[in-house]
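Asker: Just passing along the structure, written as structure tokens.
Numbering (this note's numbering), first residue to last: 5 to 329.
As structure tokens, then:
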């Protein structure tokens with residue numbers, strides 16, 4: 005069997021690539037990124053890296069025709085980009101997804117679409133079930149462009165399902181681990197680590213009581229592959245995440261402790277960090293009953309274990325970069 009992974013050279017994509025290769029399948033990783041996260045796979049004869057954009061329809065179709073399954077993971081999942089370049093976020097999220105689904109339908113290929121917990125917005129009803137309402141801020145706040153692009157993508161998935169496309173949607177909840185974004189950018193873990201490794205204070209937005217449910221990337225990738233290969237999930241949507249809540253302040257304190265860092269916590273306003281084009285979500289927690297029922301899957305890797313290996317990964321990366329200068 006041969007699979008195509010858009011965003012295959014990215015964070016989650018690199019782990020899904022590993023798991024598909026472990027199953028004995030051939031993998032085409034399709035991405036605009038560099039190959040840093042998949043360097044260890046490039047010598048595998050069953051792995052191919054194609055550098056290209058999902059907005060390049062001709063190139064995309066060339067490779068979709070070759071495969072049996074398509075993981076559509078390509079997206080811009082970075083808060084700074086939501087604020088600084090919402091058009092790019094929307095183009096990749098909407099136009100790119102339409103292209104993948106149109107071509108998958110044309111060539112009769114099954115698709116797994118990676119969505120996000122962001123689609124729930126700021127719905128105060130916690131934990132979130134897959135059929136819960138979306139509660140978002142106004143369209144004048146760029147922060148919601150990523151959420152909206154993923155929701156539109158989901159609608160297209162269900163529309164193509166009615167036309168006969170085999171499709172499954174997964175919604176990730178704060179997936180973390182080694183090979184996450186570059187330091188100082190993107191998500192809270194890499195922002196905190198960038199500060200910690202420089203000996204700077206950790207900047208916690210507000211009082212730090214907002215919560216997230218952090219999911220080890222190995223757990224998330226395993227659930228993703230199971231969801232793709234199981235007939236039970238076709239046409240459905242699944243939350244993929246750990247359902248244990250952690251406050252951002254507790255996260256900061258735990259990272260300081262686990263890495264033996266000396267940094268202090270500094271509380272800052274969201275406007276100071278992201279400007280007025282950002283709106284925070286106070287709580288984010290999945291209901292994972294459906295994924296347990298359909299796949300028998302449950303996140304199993306503790307947060308402390310994930311943080312230890314993530315801290316070690318980025319610490320080694322920084323040391324390596326310094327030694328090369």
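Positions of the beta carbon are idealized from the N, C-alpha and C atoms, including for glycine.
For the beta strand (DSSP E) holding residue 153, just list the boundary residues, first then last.
Answerer: Run containing residue 153: none in the beta strand (DSSP E); it sits in the alpha helix (DSSP H), 149-166.
Asker: Does the ligand HEM have even one heavy atom less than 7 Å from the beta-carbon of residue 122?
Answerer: Only the bare structure without any ligand can be found here, which leaves the ligand HEM out of the picture.
Asker: Judging by CA-CA distance, which residue of 202, 266 and 148 is the nearest neighbour of residue 83?
Answerer: 148
Asker: Just mark residue 181 as buried or exposed, buried being the case when its beta carbon has 16 or more other beta carbons within 10 Å.
Answerer: buried
Asker: Do residue 161 and residue 336 have their beta-carbon atoms positioned less than 8 Å apart in this structure?
Answerer: Outside the shown range of the chain, which is 5 to 329, sits residue 336, and nothing can be said about it.
Asker: Reducing DSSP to helix, strand and coil, say where residue 272 ends up.
Answerer: strand
Asker: Note down the Cα distance separating residue 139 from residue 127, rounded to an integer number of angstroms.
Answerer: Going by the C-alpha atoms only, they are around 5 Å apart.
Asker: Suppose you measure from the CA of residue 195 to the CA of residue 186; what does that come to, to the nearest Å?
Answerer: 9 Å
Asker: Give me the Cα-Cα distance between residue 98 and residue 264, rounded to the nearest whole angstrom.
Answerer: When rounded, the distance between both Cα atoms is 43 Å.
Asker: Using beta-carbon positions only, say whether residue 91 and residue 65 come within less than 8 Å of one another.
Answerer: no
Asker: Using the Cα positions of residue 296 and residue 225, report the straight-line distance between them to the nearest angstrom.
Answerer: 15 Å
Asker: On the DSSP bridge assignment, give the partners of residue 301 in chain order.
Answerer: None; residue 301 has no bridge partner.
Asker: Tell me, which residues are paired with residue 29 by DSSP?
Answerer: Beta-bridge pairing links residue 29 to no other residue.
Asker: Mind checking which residues open and close the beta strand (DSSP E) that includes residue 46?
Answerer: Segment: none, residue 46 is in no beta strand (DSSP E) and carries neither H nor E.
Asker: Pull the bridge partners of residue 290 from the DSSP assignment, please.
Answerer: 132
Asker: Going by Cα to Cα distance, which pick from 55, 31, 38 and 202 is closest to residue 49?
Answerer: 31
Asker: Please determine, among 209, 80, 10 and 304, the residue with the shortest C-alpha to C-alpha distance to residue 273.
Answerer: 209
Asker: Buried or exposed, going by whether 16 or more other CB atoms sit within 10 Å of the CB of residue 151?
Answerer: buried
Asker: Quick one: residues in its chain with C-beta nearer than 8 Å to the C-beta of residue 123, no 5 flanking neighbours on either side, listed in chain order?
Answerer: 138, 151, 154, 155, 158 and 175
Asker: Give the straight-line distance between the Cα atoms of residue 130 and residue 227, rounded to the nearest whole angstrom.
Answerer: 22 Å
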